[in-house]
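Peer 1: Those sequence lines, one after another, are chains A and B. The first sequence runs 1 to 352 under this note's numbering. The second sequence runs 1001 to 1352 under this note's numbering. Note that CB positions come from ideal geometry on N, CA and C, so glycine has one too.
Number of protein chains: 2
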Amino acid sequence: MPKEAPRIAELDDRKVKILVAVIRNYLETGEPVGSRTISKYTDLKLSSATIRNEMSDLEEMGYIFQPHTSSGRIPTDKGYRFYVDNLMSEKEREIQEKEELIIEKADKLEEVLKQAAKLLAANTNYTALVSTPETHRNKLKFLQLSKVEKDSVLAVIVVEGNIIKNKMIHTEEEIDEDTILKLNLLLNTHLNGLSLEEINLGLITLLKERAGIHTEIVSSVIDAVADAIRADEDLEIYTSGATNIFKYPELTDSGKATDIINTFENKEELEKIVNTSLSENNAGRKEMQVYIGKEMSSPAMQDCSVVTATYELGDGMRGTIGIVGPKRMDYEKAMGTMKSLMNQLDEIYNKK
Amino acid sequence: MPKEAPRIAELDDRKVKILVAVIRNYLETGEPVGSRTISKYTDLKLSSATIRNEMSDLEEMGYIFQPHTSSGRIPTDKGYRFYVDNLMSEKEREIQEKEELIIEKADKLEEVLKQAAKLLAANTNYTALVSTPETHRNKLKFLQLSKVEKDSVLAVIVVEGNIIKNKMIHTEEEIDEDTILKLNLLLNTHLNGLSLEEINLGLITLLKERAGIHTEIVSSVIDAVADAIRADEDLEIYTSGATNIFKYPELTDSGKATDIINTFENKEELEKIVNTSLSENNAGRKEMQVYIGKEMSSPAMQDCSVVTATYELGDGMRGTIGIVGPKRMDYEKAMGTMKSLMNQLDEIYNKK
DNA sequence: ATTAGCACTCGACCGAGCTGAGTGCTAACG
DNA sequence: CGTTAGCACTCAGCTCGGTCGAGTGCTAAT
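1. Under 8 Å, do residue 143(A) and residue 200(A) count as touching if we go by C-beta distance?
2. Quick check on this structure: which residue in 224(A), 247(A), 229(A) has the alpha carbon closest to the alpha carbon of residue 127(A)?
3. Do you know offhand how far residue 1125(B)'s Cα is from residue 150(A)'s?
4. Taking buried to mean at least 16 other C-beta atoms within 10 Å of its own C-beta, is residue 1120(B) buried or exposed?
5. Given residue 76(A), which residues of its chain have a CB within under 8 Å of its CB, disregarding the five upstream and five downstream residues?
6. Are the beta-carbon atoms of residue 1348(B) and residue 1105(B) separated by less than 8 Å?
7. Please confirm whether residue 1183(B) and residue 1221(B) have their CB atoms less than 8 Å apart.
8. Is it the case that the Cβ atoms of residue 1298(B) and residue 1289(B) are separated by a distance below 8 Å?
9. Any Cβ of chain B within less than 8 Å of the Cβ of residue 242(A)?
10. Taking residue 1144(B) as the query, report the chain A residues whose CB atoms sit under 7 Å from its CB, ordered along the chain.
11. Give a yes or no on whether the minimum CB-CB distance between residue 171(A) and chain B is below 8 Å.
12. In three-state DSSP terms, what is residue 1173(B)?
13. Taking the continuous beta strand (DSSP E) assigned at residue 312(A), which residues delimit it?
14. Please list the terminal residues of the continuous beta strand (DSSP E) segment that includes residue 326(A).
15. Could you tell me the alpha carbon to alpha carbon distance between residue 354(A) and residue 45(A), rounded to whole angstroms?
16. Which residues in chain B sit within 8 Å of residue 258(A), going by Cβ to Cβ distance?
17. With a threshold of 8 Å between beta carbons, is residue 350(A) in contact with chain B?
18. Quick one: measure Cβ to Cβ for residue 319(A) and residue 134(A), integer angstroms, because I've assumed they're closer than 8 Å.
19. For residue 1216(B), which of 1049(B), 1171(B), 1259(B) has the nearest alpha-carbon?
20. Once DSSP output is grouped into helix, strand and coil, what is the label at residue 1105(B)?
21. Nearest-angstrom Cα distance between residue 350(A) and residue 339(A)?
22. I need the boundaries of the beta strand (DSSP E) containing residue 289(A), first residue and last residue.
23. Is residue 1108(B) near residue 1238(B), with beta carbons less than 8 Å apart?
24. Going by DSSP in three states, residue 1238(B) sits in which element: helix, strand or coil?
25. So what's residue 1215(B) in DSSP terms, helix, strand or just coil?
26. State the start and end residues of the unbroken alpha helix (DSSP H) segment that holds residue 1021(B).
27. Verify the CB distance criterion: does residue 1004(B) have a CB-CB separation below 8 Å to chain A?
28. Judging by CA-CA distance, which residue of 11(A), 157(A), 344(A), 71(A) is the nearest neighbour of residue 87(A)?
29. Over the uninterrupted beta strand (DSSP E) stretch that includes residue 159(A), give me the two end residues.
30. Against chain B, which members of the region 310-323 of chain A pass a CB distance test of less than 7 Å?
31. Measure how close the beta-carbons of residue 1240(B) and residue 1117(B) come, nearest whole angstrom, since I'm counting them as under 8 Å.
32. Output yes or no for whether 8 Å exceeds the beta carbon distance between residue 22(A) and residue 33(A).
33. Find out if the Cβ-Cβ distance for the pair residue 162(A), residue 1164(B) is shorter than 8 Å.
34. Would DSSP call residue 1297(B) helix, strand or coil?
35. Could you compute how far the alpha carbon of residue 1(A) sits from the alpha carbon of residue 68(A)?
See the structure below:
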């Protein structure tokens, strides 16, 4: 959704310098920045009056604006966008080298992700957001039914990437060991190696026909298994450091913070962000996305920016990691820390 | 931790009536209540002056206090305690009948609990808190190792209550099917029916000795299984409606809300609450506990009250459900809704 | 024992006035 | 012609004093 960055040509060198000065300053202080400040802050030797003229131009072009008449300027979304797209290479690299996040290798992916979120939040002072990977393109690796009790059968399903699913299936009547054995064979020969999304309703009915034995139980067990396989809607999203947003006054006032935290509690909104990030990444091949203010659909987020990245675990499972902060967040730092984290995840899961 | 309720005798009838009036009024309005208000609000025909005298007494006894000189009174923790312990039977019953929460039966316990939290929060306008049950006293019902790949074995463990645990075990060298079969037999004969806490280190070493085959792999596999069994520290706590606390001005100011929400993010503090509730319930046989302000250890919670209850799923698994709100929360309603919810959980899991 | 009355306290609210940061415009300057 | 100095103007934020009203404590009368 981020529009193509405006051609640099639109702004002459001096305007760019002034714009950067405004933005940098605002990022630091969080307060509107005036012409006088800039005439000192920058190396270009110009009086405040001149700066004022230039700023007036910049305002007309939509890069900055005044919150009220005769106060300093602050960047617009367009201003930030320009900054993010064109003007932040050196500083970022610098930070990235310094950052040293250390993820402890944990047994469960879930734990690692939670930890990653925590680290990210702690290191940036923004809110971190991590989604579990989508698995529906993954291939079935192992499937087994076991009789646990007279009337219950446990289905264990392992897909590539060692994601394990369980389903306890209650049966009306007792089901004998022999049938289970046959079912195991049947299911394995037909489903093994298929990706989860390939296992659809058509295939299942076909399977039932071939089953040979046509009792109710068998059919219902197969249904249950199919259910479990398809139930990959368990996309979880963890957040950490939600209260960090209270550190930024412009988000604290008038219930904005409440709205934002509510959004964090509400999966659907988060999913949108995660998903656009995933698809964007898929198309664009950029490793990180930045969404600024209105570039996000969610109304509660209009005063925020989000930096997202897509992580990829060897077996093609992809998930999203995000940092949510105020629009005046330190993009360099956020992106630097993010990159550093991605590198680590890479090391853990892909180098092996 | 809640102290024994003061004997009613300490307060004569009239004082009780006045105290109740103060509390009820404050619960509704959230503002200090004065003598004049009460002289109207109650049926006892007394002038404000008399009320003032009585209130002065009540203040001396520690049931109410003035936020600043010459403003109305608000209840102290002691006041609330008295109210909760002695004075709220009729209204509660009434509400409880009206409440109709409907939990959809879901496959996974986890989902049901999350849903319960959501319902609770939505219905009360407070924050809900649900812990997954502890399982360490549960008995092992089913254990199975399966070879998934050359170098990995999957352990599936089912305990009473149909809690399923998985552990993927990577082995250095390939392990043959035969060994797995033997291991399955070994583990099952020795561990089946034991409660998780009975499976300790001693037992495991004993088991290894009896194993007969003494290769490294076997030993490491057994260790991994034991690990998985003991790893019941995955006590999860879900919260819902965290931002509801913003609805109560006395919690919103001066970063209190932030502290509270932070506490919600932080498991350890929550665990404390959950655990005291569990043990309290164990001892006292009361179905619900109320903790008011300083009765909780967590400093961030000193301005809150919590209503907790312990749910019990057939197989002896117990967890805690809580409602967190301001001290001036509507205890009747909270307890009523809670009770109603517990009844439903009971129906789902215990009536079968 | 209860009540009416009175003086007093104190937070909340409101408007006035001041200040300082910042602007836009104009005229002068190199 | 771009740049600058100067000036009038705007406006948010702060402080100050005054008023208001709710509420109390105390005393004297019932």
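Peer 2: Quick look at the numbers:
1. By one-based count along the first sequence, residue 143(A) stands at place 143. By one-based count along the first sequence, residue 200(A) stands at place 200. Not a contact, by the Cβ cut-off of 8 Å.
2. As a first step, residue 127(A) must be located in the first sequence, where it is residue number 127. Nearest of 224(A), 247(A), 229(A) to residue 127(A), Cα basis: 247(A).
3. The residue labelled residue 1125(B) in the question sits at position 125 within the second sequence. The residue labelled residue 150(A) in the question sits at position 150 within the first sequence. Between residue 1125(B) and residue 150(A), the C-alpha separation is close to 44 Å.
4. Start at 1 with the first residue of the second sequence, and residue 1120(B) comes out as number 120. Answer is buried; the Cβ neighbour count reaches 16.
5. Within the first sequence, residue 76(A) is the residue found at index 76, counting from 1. For residue 76(A), where only same-chain residues beyond five positions count, the Cβ hits under 8 Å are 62, 63, 64, 65.
6. Here the question's residue 1348(B) lines up with position 348 in the second sequence. Here the question's residue 1105(B) lines up with position 105 in the second sequence. Contact flag set, yes.
7. On the second sequence, residue 1183(B) is found 183 positions in, with the first residue counted as 1. On the second sequence, residue 1221(B) is found 221 positions in, with the first residue counted as 1. Closer than 8 Å, so yes.
8. Mapped onto the second sequence, residue 1298(B) falls at position 298. Mapped onto the second sequence, residue 1289(B) falls at position 289. It is not a contact, given that the beta carbons lie outside the stated cut-off.
9. Taking the first sequence and counting its residues from 1, one reaches residue 242(A) at position 242. It does: the Cβ of residue 242(A) has a partner Cβ on chain B nearer than 8 Å.
10. Walking along the second sequence from the start, residue 1144(B) turns up at place 144. Among the residues of chain A, those whose CB is under 7 Å from the CB of residue 1144(B) are 146, following chain order.
11. Locating residue 171(A) in the first sequence gives position 171, counting from the first residue. So no, residue 171(A) is outside the interface.
12. Position 173 of the second sequence, counted from the first residue, corresponds to residue 1173(B). It is coil, neither helix nor strand.
13. The residue you call residue 312(A) lines up with position 312 of the first sequence. That run of the beta strand (DSSP E) goes 304-313.
14. To locate residue 326(A), count along the first sequence from 1; it is residue 326. From DSSP, the beta strand (DSSP E) with residue 326(A) extends over 317-326.
15. Look at the range of chain A in this structure, 1 to 352, and you will see that residue 354(A) is not part of it.
16. Working through the first sequence from its first residue, we reach residue 258(A) at position 258. Residues of chain B passing the Cβ test: 1243, 1246.
17. Looking up residue 350(A) in the first sequence gives position 350. No, residue 350(A) does not count as interfacial toward chain B.
18. The count along the first sequence starts at 1 and reaches residue 319(A) at position 319. The count along the first sequence starts at 1 and reaches residue 134(A) at position 134. Yes, residue 319(A) and residue 134(A) are in contact; Cβ-Cβ is about 7 Å, under 8 Å.
19. Reading the second sequence from its first residue, position 216 is the one you call residue 1216(B). For the residues 1049(B), 1171(B), 1259(B), the minimum Cα distance to residue 1216(B) belongs to 1171(B).
20. Taking the first residue of the second sequence as position 1, residue 1105(B) is located at position 105. Three-state DSSP puts residue 1105(B) in coil, outside helix and strand.
21. The residue labelled residue 350(A) in the question sits at position 350 within the first sequence. The residue labelled residue 339(A) in the question sits at position 339 within the first sequence. The straight-line gap from Cα to Cα measures roughly 16 Å.
22. As a working note, residue 289(A) is residue 289 in the first sequence. Looking at the DSSP string, the run of the beta strand (DSSP E) that includes residue 289(A) is 288-292.
23. Residue mapping note: residue 1108(B) aligns to position 108 of the second sequence, counting from 1. Residue mapping note: residue 1238(B) aligns to position 238 of the second sequence, counting from 1. No; because the gap between Cβ atoms is not below 8 Å, this pair is not in contact.
24. Taking the second sequence and counting its residues from 1, one reaches residue 1238(B) at position 238. DSSP places residue 1238(B) in strand when its eight states are reduced to three.
25. The residue labelled residue 1215(B) in the question sits at position 215 within the second sequence. Looking at residue 1215(B) - three-state DSSP - the assignment turns out to be coil, as it is neither helix nor strand.
26. As a first step, residue 1021(B) must be located in the second sequence, where it is residue number 21. Segment 1013-1029, the alpha helix (DSSP H) holding residue 1021(B).
27. Counting from one through the second sequence, the residue named residue 1004(B) turns up at place 4. Bear in mind that the predicted position of residue 1004(B) carries a pLDDT of just 48, short of 50, making it unreliable; the figure below should be weighed with that in mind. So no, residue 1004(B) is outside the interface.
28. Position 87 of the first sequence, counting from 1, holds the residue named residue 87(A). The shortest Cα separation from residue 87(A) among 11(A), 157(A), 344(A), 71(A) belongs to 11(A).
29. Taking the first residue of the first sequence as 1, we reach residue 159(A) at position 159. It spans 152-159 - the beta strand (DSSP E) in which residue 159(A) sits, taken as one unbroken run.
30. From the region 310-323 of chain A, no residue has a Cβ closer than 7 Å to chain B.
31. Residue numbering aside, residue 1240(B) sits at position 240 when the second sequence is read from its first letter. Residue numbering aside, residue 1117(B) sits at position 117 when the second sequence is read from its first letter. Yes, they are in contact, since the Cβ atoms of residue 1240(B) and residue 1117(B) sit about 4 Å apart, within 8 Å.
32. The sequence position of residue 22(A) within the first sequence is 22, counting from 1. The sequence position of residue 33(A) within the first sequence is 33, counting from 1. Contact: yes.
33. Along the first sequence, read from residue 1 onward, the residue named residue 162(A) stands at position 162. Along the second sequence, read from residue 1 onward, the residue named residue 1164(B) stands at position 164. Against a cut-off of 8 Å, the Cβ pair of residue 1164(B) and residue 162(A) comes out as no contact.
34. Counting from one through the second sequence, the residue named residue 1297(B) turns up at place 297. Here residue 1297(B) sits in coil by DSSP.
35. Position 1 of the first sequence, counted from the start, is the residue given in the question as residue 1(A). Position 68 of the first sequence, counted from the start, is the residue given in the question as residue 68(A). The predicted model places residue 1(A) with a pLDDT of 46, which falls under 50 and marks its position as unreliable, so this point remains unresolved.
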